[in-house]
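For the sequence shown, UniProt numbering begins at 1 and goes up steadily by one.
Just so you know, even glycine gets a beta-carbon here, dropped at the ideal spot from N, CA and C.
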Amino acid sequence: YNAVRSVLEDRAKEKWGKLKVPVTSLCNLVEDKRSIVVGTLFKIMELQPSILKEISEEHHVAPQPQRSHFTDNADSLVLEDDKQRLALSGNIDVHAHVTGVPVAVLGQVGADGRFTVEDLCYADLPEQIQRPLSEADVFVVLVSGVGLTEKADSLLPFQLLVDYVSGFLGCDEDQEKASRIVRVVLAGNTLRQRGSSKDMTRAKFTVRKESSADGSVARLLDGLLEQLSRSVEVDVMPGLSDPVGALLPQQPMHPCLFPGASQRAALRCVTNPYQFELDGLRFLGTSGQNVTDIRRYSQLTCPLEIMEKTLQWRHLAPTCPDTLSCYPFTDQDPFILDSCPHVYFVGNQKNFATKLFKSERGQTVRLVAVPSFCETFTCVWLNMRTLECDPMKFEIDL
């Protein structure tokens, strides 16, 4: 909130400056007087899981049903600043917002003590540097959710991808195209969790002798990454199923997992979220946890729509730390955008999707939903000259 407060105040003045409405704090609001207030949204949700509900069986209360979606028609929003909070009503879509979104709202307090919203605005994207103009078609290949195991249905498609990118498969045209790949990004969940989903819901201290990633599979991955990094630069992002801490921002996977591949300078283990620049083109990506969590606690279902919202909000993961675990930062929020990317990708989605997003202030960002490779056998080729994206499938009938 404090990191984007001045930005929101400036946006509010730009949008509603002609109305000559003052920007005030919640504690200084006057009933029936039009005001602009800046704060952070908090969503009150009856179905949101809590530790008290999880132990309800001990109090002889009916256990809560298992849910993957937690919205309800009774959900409501409150706005809070650094001093107090106030319930919101009026022209604001409850189901299109989640906890943690910084906003500026225009409206007034009624006799019922609720702030009636007439309009609202977001921080929007920061300034964007001009995209460099390239004459050659060069590609970045985005892959996510490889979910590698020792089974052939998991190993062979990824081996085909590695061979294709390395120039060992296809006709002369395919090999010429592969020679123009400048980087491969593995966007999380490269290794698959062992055990059933039921086991993963058990308390961690009851499964402390188990490993989430088998050592033999890690050795297989090491060999594949070593082969891949001989011909192209490779960035490996961690994901929910990878052997790293689950708190966002996730730290890089340890090089000891890839003793062979890590000897090559072309292989980099990076963070999640991950931001990098390549020939003047700025990339920003996550392994998908932020989009998945927003989908659970809102009625936004399309990953591209959620990605648009996070850019408009200027916040990659507003639900941290409420429903999405993150490291407890005290003096900064690492998920607030301080620069505008040209390409924004999110991994581990059900299907491939892409669009060119243009903000109200003119910034243009290519959005890419990267499908889970273990389910779709699909990677994404992004042309750095045109920002066009094309999926490529490596499905095998065994």
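Reference Asn189; option with closest CA among Phe373, Asn383, Leu247 and Val380: Counting from one through the sequence shown, the residue named residue 189 turns up at place 189. Answer by Cα proximity: Phe373.
Cut-off 6 Å between Cβ atoms - residues of its own chain near Pro334, not counting five sequence neighbours on either side: Start at 1 with the first residue of the sequence shown, and residue 334 comes out as number 334. If the five residues before and after Pro334 are omitted, its C-beta is found closer than 6 Å to the C-beta atoms of Pro249, all from its own chain and listed in chain order.
Beta-carbon gap between Thr40 and Val140 smaller than 9 Å: Residue numbering aside, residue 40 sits at position 40 when the sequence shown is read from its first letter. Residue numbering aside, residue 140 sits at position 140 when the sequence shown is read from its first letter. Contact: no.
N-terminal and C-terminal residue of the beta strand (DSSP E) that Val343 is part of: What you label residue 343 is simply residue 343 of the sequence shown in a count that begins at 1. That run of the beta strand (DSSP E) goes Val343 to Gln349.
Element boundaries [alpha helix (DSSP H), containing Val380]: Start at 1 with the first residue of the sequence shown, and residue 380 comes out as number 380. Segment Thr378 to Asn383 is the beta strand (DSSP E) holding Val380; no alpha helix (DSSP H) there.
Cβ contact check for the stretch 129 to 147 and the stretch 305 to 317: 3 or more pairs under 8 Å: They do not touch, by the three-pair rule.
Rounded straight-line distance, which links the Cα of Val7 to that of Asp235: As a working note, residue 235 is residue 235 in the sequence shown. As a working note, residue 7 is residue 7 in the sequence shown. Straight through space, the alpha carbons of Val7 and Asp235 are spaced by roughly 33 Å.
Met200 (DSSP reduced to helix, strand or coil): Numbered from its first residue, the sequence shown carries residue 200 at position 200. Low per-residue confidence applies at Met200: pLDDT is 45, beneath 50, and the placement is therefore not dependable enough to give any value.
Other residues of its chain near His97: CB distance less than 7 Å, five sequence neighbours each side excluded: Position 97 of the sequence shown, counted from the start, is the residue given in the question as residue 97. Leu41, Lys43, Leu77 and Ser298, listed in sequence order.
DSSP-derived helix/strand/coil call for Lys358: Counted from its first residue, the sequence shown places residue 358 at position 358. Taken through DSSP and simplified to helix, strand or coil, Lys358 comes out as strand.
Beta-carbon contacts of Pro371 that lie in its chain and below 6 Å, excluding the five residues immediately before and after: For the purposes of this step, residue 371 is taken as the residue at position 371 of the sequence shown. If you ignore the 5 residues before and after Pro371, its C-beta comes within less than 6 Å of the C-beta of Gln349, Asn351, Phe352 and Thr378, all in its own chain and listed in chain order.
Same chain, Cβ closer than 6 Å to Asp163, five either side skipped, listed in chain order: Taking the first residue of the sequence shown as 1, we reach residue 163 at position 163. Within the same chain, Leu169 come within 6 Å of Asp163 by CB-CB distance, once the 5 residues on both sides are set aside.
Leu278 vs Tyr327 beta-carbon contact at 9 Å: Here residue 278 is taken as the residue at index 278 of the sequence shown, counted from 1. Here residue 327 is taken as the residue at index 327 of the sequence shown, counted from 1. Not in contact: Leu278 and Tyr327 (Cβ atoms no closer than 9 Å).
Where Glu395 sits in the DSSP three-state scheme: On the sequence shown, position 395 is the one that residue 395 refers to. Assignment of Glu395 by DSSP, reduced to helix, strand and coil, places it in the coil class.
Cβ contact (3+ pairs, closer than 8 Å) linking the stretch 101 to 117 and the stretch 81 to 89: Contact between the stretch 101 to 117 and the stretch 81 to 89 is present, with at least three C-beta pairs closer than 8 Å.
Nearest-angstrom Cα separation, counted from Leu106 out to Arg85: Counting from 1 along the sequence shown, the entry for residue 85 is found at position 85. Counting from 1 along the sequence shown, the entry for residue 106 is found at position 106. For Arg85 and Leu106, the distance between alpha carbons rounds to 16 Å.
Beta-carbon contacts of Asp293 that lie in its chain and below 7 Å, excluding the five residues immediately before and after: Indexing the sequence shown from 1 puts residue 293 at position 293. Thr319, Thr323 and Leu324.
Whole runs of the alpha helix (DSSP H) within the UniProt domain "DNA polymerase delta subunit OB-fold" (2 to 119), excluding any shorter than 4 residues: Within the UniProt domain "DNA polymerase delta subunit OB-fold" (2 to 119), the complete alpha helix (DSSP H) runs of at least 4 residues fall at 5 to 16 and 51 to 54.
Classification of Gly285 by the beta-carbon crowding that lies within 10 angstroms, buried from 16 upward: Walking along the sequence shown from the start, residue 285 turns up at place 285. So Gly285 ends up on the buried side.
Option in Ser50, His95, Thr71 and Arg385 with minimal Cα separation from Glu135: Stepping through the sequence shown from its first residue, residue 135 is reached at position 135. Selection Ser50, His95, Thr71 and Arg385 evaluated against Glu135 yields Arg385 as nearest (Cα-Cα).
Close-in-space but distant-in-sequence residues of the same chain around Val94 (CB under 6 Å, 5 per side omitted): The sequence position of residue 94 within the sequence shown is 94, counting from 1. Hits under 6 Å: Asp75 and Leu77.
For Gly288 and Lys209, the rounded distance between their alpha carbons: Numbered from 1 along the sequence shown, position 209 holds the residue referred to as residue 209. Numbered from 1 along the sequence shown, position 288 holds the residue referred to as residue 288. Caution is warranted here: a pLDDT of 48 is assigned to Lys209, below 50, making its placement in the model unreliable, and the coordinate value is therefore given only provisionally. Answer to the nearest angstrom: the Cα atoms are 28 Å apart.
Identity of the residue in Leu367, Asp174, Ser35 and Val270 nearest Val244 by Cα: As a first step, residue 244 is located in the sequence shown; it is residue number 244 there, counting from the start. Nearest to Val244 by alpha-carbon distance, out of Leu367, Asp174, Ser35 and Val270, is Val270.
Distance between Asp397 and Gln363 (C-alpha atoms, nearest Å): As a working mapping, residue 363 is identified with position 363 in the sequence shown. As a working mapping, residue 397 is identified with position 397 in the sequence shown. When rounded, the distance between both Cα atoms is 43 Å.
Same chain, Cβ closer than 7 Å to Leu228, neighbours up to 5 away in sequence not counted: The residue labelled residue 228 in the question sits at position 228 within the sequence shown. Around Leu228, the same chain offers Val162, Val165, Ser166, Val184 and Val234 as residues with beta carbons nearer than 7 Å, after the five sequence neighbours per side are excluded.
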